[in-house]
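Numbering-wise, the numbering used here comes out as the position in the sequence shown, counting from 1, plus 30.
By construction, the Cβ of each residue, glycine as well, lies at the ideal position given by its N, Cα and C atoms.
Worksheet: one structure, shown below.
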Amino acid sequence: MRSKDFKGLFKKSDIYLRESRLEVGDIYTFEFGFYNHVYWIPGQHAIFTFPDKKIHGKSFRAFSIASVKSEGKIMISTRVGDSPSSFKQALIELKPGEPMNMSGPFGWFYIRDYERPTAMIAGGIGITPVRALIKNIQLECRAFPSAKLIFSDSRGSFAYKKEIEDAQNDIPNFNSAFVTDRISFNFEIESFVQNHGNSAMYFLSGSPAMIMAVRKQLKSLGISRSNIVNDPFFGY
31 MRSKDFKGLF
41 KKSDIYLRES
51 RLEVGDIYTF
61 EFGFYNHVYW
71 IPGQHAIFTF
81 PDKKIHGKSF
91 RAFSIASVKS
101 EGKIMISTRV
111 GDSPSSFKQA
121 LIELKPGEPM
131 NMSGPFGWFY
141 IRDYERPTAM
151 IAGGIGITPV
161 RALIKNIQLE
171 CRAFPSAKLI
181 FSDSRGSFAY
191 KKEIEDAQND
201 IPNFNSAFVT
211 DRISFNFEIE
221 SFVQNHGNSA
231 MYFLSGSPAM
241 IMAVRKQLKS
251 LGISRSNIVN
261 DPFFGY
């Protein structure tokens, strides 16, 4: 984490909804257009607000951006339950062409070294920044010595699953595991660690509880803290 990772926090952009859709389960995806130049590193997140809607409670949300710049859109996904917050209700009701404001993007959840084996470990909606990492690797024809996605969702609601499976055909030495139980999740992590240890980087994205548990597991397996990058999702 470096000071420049927060530089984008002070950049504000006007964006507008292009389309929204039900992705899978209770996960909705929203695609936004933008009027002026917006730059971000795949894996970063931004803060979203409504300029003209009254929101009860917290009036902003931080969402990881699931798209990359070359796709020409800002894409986010989030879970929307049966009793959504005022903010998420407004998001669901947003119509194409209606505005939002965005501060950022910013953050430290991005790949710096493509020469190292890399594990991307995602839980639930934590797949959103990882989708951006994978899409960037695919579009830029990057290659790792070894790369693996370990994606856990107890409900079996795997957002972007087909996209990720298709990306495996374009990215050398990349494969993925979609798991629904803790035993399989732990097994996949342990197998990667056994093969690569501290020669690899470990990117964790999910709820704070999930990240805490995986960090503890990696530490018990001898992985140095300097080789772990995490992106916690608060209240997603």
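Helix, strand or coil at residue i [DSSP, three-state]
{"i": "I45", "result": "strand"}
{"i": "S254", "result": "coil"}
{"i": "I57", "result": "strand"}
{"i": "G127", "result": "coil"}
{"i": "N203", "result": "coil"}
{"i": "G265", "result": "Summary for G265: the model assigns pLDDT 42, below 50, so the residue's position carries little reliability, and this model does not support an answer."}
{"i": "F276", "result": "The structure shown has nothing for residue 276, since the chain only spans 31 to 266."}
DSSP bridge partner residues for residue i (one or two, in chain order)
{"i": "Y232", "result": "A149, I258"}
{"i": "G63", "result": "Y46"}
{"i": "H75", "result": "S94, F136"}
{"i": "M105", "result": "E61"}
Status (buried if at least 16 other CB within 10 Å, exposed otherwise) for residue i
{"i": "Y69", "result": "exposed"}
{"i": "Q168", "result": "buried"}
{"i": "G265", "result": "With a pLDDT of only 42 at G265, under 50, the local geometry of the prediction cannot be trusted, and the value read off the model is given with reservation. Exposed, by the Cβ-count rule."}
{"i": "N225", "result": "exposed"}
Cβ pair residue i, residue j closer than 8 angstroms
{"i": "I258", "j": "V223", "result": "no"}
{"i": "I155", "j": "S107", "result": "yes"}
{"i": "R48", "j": "K103", "result": "yes"}
{"i": "A162", "j": "S235", "result": "no"}
Reference residue i; option with closest CA among the options
{"i": "H75", "options": "E195, N66, F40", "result": "F40"}
{"i": "K249", "options": "P238, I219, F117, S235", "result": "I219"}
{"i": "F215", "options": "E195, S184, G227, N225", "result": "S184"}
{"i": "D200", "options": "C171, K192, P72, N225", "result": "C171"}
{"i": "P147", "options": "S229, I45, D56", "result": "S229"}
{"i": "D112", "options": "M240, S43, Y58", "result": "Y58"}
{"i": "G134", "options": "F117, Y144, G73", "result": "G73"}
Any chain C beta carbon closer than 8 angstroms to residue i
{"i": "G252", "result": "The structure shown has no chain C; it contains just one protein chain."}
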